[in-house]
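The next block holds one structure in the form of structure tokens; read it before the comments.
Protein chains: 2
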Amino acid sequence: MSHILILGGDGYLGWPTAMYFSQRGYDVTVVDNYFRRNACTELDVGMLYPVPTLVERAKIWHELTGKEIKVVIGDLTDPEIMRAFFTGKVEYSWALDKKFTGIPETIIHYAEQPSAPYSLINYKYANITLINNLLVTNNLVFSLRDFSRDTHVIHVGTMGEYGTPNIDIEEGWIDIEHKGKKDKFLFPRQASSLYHTTKIMDTDLMWFGVRMWDLRITDLMQGPVYGIETEESKIDKRLNTIFNYDEIFGTIVNRFITQAIIGYPLTVYGKGGQTRGYLYIKDTLQCVHKATITPAKKHELRIFN
Amino acid sequence: MSHILILGGDGYLGWPTAMYFSQRGYDVTVVDNYFRRNACTELDVGMLYPVPTLVERAKIWHELTGKEIKVVIGDLTDPEIMRAFFTGKVEYSWALDKKFTGIPETIIHYAEQPSAPYSLINYKYANITLINNLLVTNNLVFSLRDFSRDTHVIHVGTMGEYGTPNIDIEEGWIDIEHKGKKDKFLFPRQASSLYHTTKIMDTDLMWFGVRMWDLRITDLMQGPVYGIETEESKIDKRLNTIFNYDEIFGTIVNRFITQAIIGYPLTVYGKGGQTRGYLYIKDTLQCVHKATITPAKKHELRIFN
Numbered sequence: 619m620s621h622i623l624i625l626g627g628d629g630y631l632g633w634p635t636a637m638y639f640s641q642r643g644y645d646v647t648v649v650d651n652y653f654r655r656n657a658c659t660e661l662d663v664g665m666l667y668p669v670p671t672l673v674e675r676a677k678i679w680h681e682l683t684g685k686e687i688k689v690v691i692g693d694l695t696d697p698e699i700m701r702a703f704f705t706g707k708v709e710y711s712w713a714l715d716k717k718f719t720g721i722p723e724t725i726i727h728y729a730e731q732p733s734a735p736y737s738l739i740n741y742k743y744a745n746i747t748l749i750n751n752l753l754v755t756n757n758l759v760f761s762l763r764d765f766s767r768d769t770h771v772i773h774v775g776t777m778g779e780y781g782t783p784n785i786d787i788e789e790g791w792i793d794i795e796h797k798g799k800k801d802k803f804l805f806p807r808q809a810s811s812l813y814h815t816t817k818i819m820d821t822d823l824m825w826f827g828v829r830m831w832d833l834r835i836t837d838l839m840q841g842p843v844y845g846i847e848t849e850e851s852k853i854d855k856r857l858n859t860i861f862n863y864d865e866i867f868g869t870i871v872n873r874f875i876t877q878a879i880i881g882y883p884l885t886v887y888g889k890g891g892q893t894r895g896y897l898y899i900k901d902t903l904q905c906v907h908k909a910t911i912t913p914a915k916k917h918e919l920r921i922f923n
Numbered sequence: 619m620s621h622i623l624i625l626g627g628d629g630y631l632g633w634p635t636a637m638y639f640s641q642r643g644y645d646v647t648v649v650d651n652y653f654r655r656n657a658c659t660e661l662d663v664g665m666l667y668p669v670p671t672l673v674e675r676a677k678i679w680h681e682l683t684g685k686e687i688k689v690v691i692g693d694l695t696d697p698e699i700m701r702a703f704f705t706g707k708v709e710y711s712w713a714l715d716k717k718f719t720g721i722p723e724t725i726i727h728y729a730e731q732p733s734a735p736y737s738l739i740n741y742k743y744a745n746i747t748l749i750n751n752l753l754v755t756n757n758l759v760f761s762l763r764d765f766s767r768d769t770h771v772i773h774v775g776t777m778g779e780y781g782t783p784n785i786d787i788e789e790g791w792i793d794i795e796h797k798g799k800k801d802k803f804l805f806p807r808q809a810s811s812l813y814h815t816t817k818i819m820d821t822d823l824m825w826f827g828v829r830m831w832d833l834r835i836t837d838l839m840q841g842p843v844y845g846i847e848t849e850e851s852k853i854d855k856r857l858n859t860i861f862n863y864d865e866i867f868g869t870i871v872n873r874f875i876t877q878a879i880i881g882y883p884l885t886v887y888g889k890g891g892q893t894r895g896y897l898y899i900k901d902t903l904q905c906v907h908k909a910t911i912t913p914a915k916k917h918e919l920r921i922f923n
């Protein structure tokens with residue numbers, strides 16, 4: 619049975635992903651430090667409805683389906699927490715069977731501070747974003763190097779890494795011909811927030827790990843995801859994912875829907891003339907599933923827009 | 619009188635740079651957390667000769683020349699230490715006149731963990747390198763944003779950021795024509811150590827700050843620097859810069875010279891067939907001086923190889 623480890627398993631995508639794979643018979647382990655919940659409390663931006671803790675949700679999932687999602691509450695910026703998932707020294711906060719499931723075949727890396735506005739509140743939030751996102755990714759890369767170069771990582775990037783260049787955006791890579799010689803490079807990246815810049819740096823780190831140590835990584839460059847319900851959350855509303863509609867963690871479509879329902883004027887972003895690609899949450903899960911069953915090869919940083 | 623702040627003022631380049639500008643009549647402030655000295659102690663890699671502390675060297679410099687180099691011992695990964703150089707809340711560890719000199723016109727940013735081997739000793743040293751280099755740079759970028767967008771920063775990059783592409787390396791930037799459209803981008807960067815990767819990320823951060831907040835930054839992409847003596851250190855041998863010849867902090871030419879003098883076989887790097895550009899320490903000081911007197915413009919990330 620294939621074992622999937624989800625970093626950031628309490629998040630907007632993390633929990634639906636955990637249920638999705640659990641439902642399909644995978645062994646699933648989730649880890650989270652409740653960063654998002656704590657940040658919402660600190661910044662006084664409430665979620666739309668209360669959501670049980672990760673441990674509670676795992677218990678509800680088990681009661682309703684008989685399936686086990688193992689839960690670790692811990693901070694992955696601490697390298698020892700990350701490495702425990704490879705050495706077996708992991709301490710489960712909840713599990714039916716506390717025996718180590720083994721090194722995961724697939725790791726889904728969502729454990730990042732995901733908000734551009736948060737990253738620019740001030741220098742302190744900028745540093746939190748920088749440290750969290752880069753340490754988690756670096757701890758992951760070095761754990762793979764040291765313990766399991768065959769494990770496939772699926773990372774969620776963002777189209778925002780590319781910025782708005784004056785040339786067509788390609789799928790991660792570009793062939794450059796220059797003065798009669800040719801080479802293939804990462805497509806140029808220049809973002810418009812500190813958060814997006816940390817995602818560029820994630821790419822720098824992952825591409826380094828792939829080149830040096832033959833890691834295998836898929837980077838899904840997504841647009842903003844929207845929606846609440848998935849097939850698995852329909853079972854019980856307590857299984858719904860966290861849902862933010864505020865100006866810090868609320869993404870645009872979720873925010874618009876909430877505003878529309880309560881009759882509040884829609885927020886205008888910039889001059890209101892931007893066009894972007896948006897992705898429905900069920901489609902995101904399908905993307906991640908497809909990347910799982912057809913993984914990147916060794917020594918491949920595979921990028922999908 | 620122009621005021622220069624040197625981040626990493628105790629380092630191999632930091633101290634010679636401080637004396638160079640002090641000698642030429644600039645007001646000079648240096649800051650350092652003794653990272654290099656402490657790392658040498660921890661890793662048991664001794665320097666070639668003992669070097670007085672930064673405070674002692676500033677006192678010696680004052681005794682011999684009558685000039686003042688203000689010293690702060692502090693860790694620039696702490697944003698409050700960085701911001702003090704702009705708000706005036708700085709606490710000098712040594713100064714003749716403890717009154718705040720004012721916001722610097724020029725900041726020379728050397729405050730980085732500079733060793734590729736150090737960054738790859740293991741995951742802990744990788745994290746130290748990542749955190750140190752990125753937090754210092756981010757604290758600098760946000761301080762400039764918040765307090766002084768006119769201050770010119772000179773950062774020392776490295777040719778190693780470019781890696782070894784199959785196209786000619788250009789001076790920082792490249793015009794890409796793609797499917798009938800054109801744009802100018804940072805020259806592709808992909809390095810072969812974690813240290814070099816953090817320098818790529820520095821560039822990501824600085825370019826973000828320049829685009830967003832009209833900062834003015836010069837990035838000097840240097841090869842390894844060699845040599846001990848500068849015009850100013852000749853005055854007294856206690857003013858010599860720190861000199862490493864070990865396998866962690868010793869750079870190649872300094873290491874070869876030391877090995878040659880004691881009759882120890884020269885270390886072979888890789889297959890021994892690499893070619894690289896090396897820079898004499900006095901020439902580095904000249905580069906930095908030239909960049910100081912002809913600064914980058916607002917909204918310019920100026921890159922010299």
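As they're listed, the protein sequences go chains S and W.
Basically my numbering = 1-based index in the first sequence + 618.
Basically my numbering = 1-based index in the second sequence + 618.
In this text, a Cβ means the ideal position worked out from N, Cα and C, and glycines have one as well.
- Shown here for Ser761 (chain W): same chain residues with a beta carbon closer than 7 Å to its own, the five before and five after excluded, namely Met700, Arg701, Phe704 in chain order.
- With fewer than 16 other CB atoms across the displayed protein chains lying within 10 angstroms of its CB, Gln892 (chain S) is exposed.
- For Met700 (chain S), the enclosing alpha helix (DSSP H) stretches over residues 697-705.
- Comparing C-alpha distances from Gly778 (chain S) to each of S:Asn740, S:Ser766, S:Leu694, S:Met819 shows the shortest one belongs to S:Met819.
- Counting only Cβ-Cβ distances below 7 Å, Met819 (chain S) has contacts in chain W at Met819, Asp822, in chain order.
- Annotation: Asp822 (chain W) is outside any beta strand (DSSP E); the continuous alpha helix (DSSP H) that includes it extends over 812-831.
- Counting C-beta atoms within 10 angstroms of its own C-beta, Asp837 (chain S) has 16 or more neighbours from the protein chains shown and is therefore classed as buried.
- With a cut-off of 8 Å on Cβ pairs, the region 776-791 of chain S is in contact with the region 795-803 of chain W, counting three or more such pairs.
- Below the 8 Å Cβ cutoff, chain W contributes no neighbours of Leu623 (chain S), its closest Cβ being approximately 18 Å away.
- For Gly790 (chain S), the closest of S:Gly798, S:Gly775, S:Lys797, S:Val673 by C-alpha to C-alpha distance is S:Gly775.
- Under the Cβ distance rule, Tyr667 (chain S) does not count among the residues neighbouring chain W, no pair being separated by less than 8 Å.
- Among the residues of chain W, those whose CB is under 9 Å from the CB of Gln808 (chain S) are Phe803, Leu804, Asp822, Trp825, Phe826, Arg829, following chain order.
- Remark: C-beta atoms of Ile687 (chain W) and Val648 (chain W) approach each other more closely than 8 Å.
- For Tyr887 (chain W), there are no C-beta contacts with chain S under 7 Å, since the nearest C-beta of that chain is about 17 Å from it.
- Cα atoms of Ile921 (chain W) and Lys855 (chain S): separation of roughly 55 Å, rounded to the nearest angstrom.
- Fewer than three pairs of CB atoms, one per stretch, sit closer than 8 Å, so the region 746-763 of chain S makes no contact with the region 708-724 of chain S.
- Asn872 (chain S) and Gly841 (chain W) have their C-alpha atoms roughly 50 Å apart.
- Taking each of S:Ser733, S:Gly888, S:Ile870, S:Arg675 in turn and checking the Cα distance to Tyr898 (chain S), the smallest one comes out for S:Ile870.
- Rounded to the nearest whole angstrom, the C-alpha separation of Pro806 (chain S) and Val886 (chain W) is 35 Å.
- Straight-line spacing of the CA atoms in Gln808 (chain S) and Ile726 (chain S) works out to 25 Å.
- At a beta-carbon threshold of 9 Å, the residues of chain S lying near Asp764 (chain W) are Asn740, Tyr741, ordered along the chain.
- If you look at Ile746 (chain S), you'll find it in the alpha helix (DSSP H) that goes 741-765.
- Under the Cβ criterion of 8 Å, Lys800 (chain S) is counted among the residues facing chain W.
- DSSP places Arg675 (chain W) inside the alpha helix (DSSP H), whose first and last residues are 672-683.
- Linking Leu631 (chain S) to Thr859 (chain S) through their CA atoms gives a straight-line distance of about 8 Å.
- Nearest neighbour of Met824 (chain W) by Cα position, chosen from W:His773, W:Phe639, W:Gly881, W:Trp633, turns out to be W:His773.
- For the C-beta of Phe704 (chain W), not a single chain S residue is nearer than 9 Å; the gap to the nearest is close to 11 Å.
- Around the Cβ of Glu709 (chain W), a 10 Å sphere holds fewer than 16 other Cβ atoms; the residue is exposed.
- Distance from the CA of Gly845 (chain W) to the CA of Ile624 (chain W), rounded to the nearest whole angstrom, comes to 20 Å.
- Rounded to whole angstroms, the gap between the alpha carbons of Gly684 (chain W) and Gly706 (chain W) is 24 Å.
- By the criterion of a C-beta distance shorter than 6 Å, Ser620 (chain W) is surrounded in its chain by Tyr644, Glu723, once the five residues flanking it on both sides are discounted.
- Distance check between Leu666 (chain S) and each of S:Tyr882, S:Asp864, S:Leu758, S:Leu903 places S:Asp864 closest, using alpha-carbon atoms only.
- Beta-bridge pairing by DSSP links Lys802 (chain S) to S:Asp793.
- One thing to note: Lys916 (chain W) has its Cβ within 8 Å of the Cβ of Asp832 (chain W).
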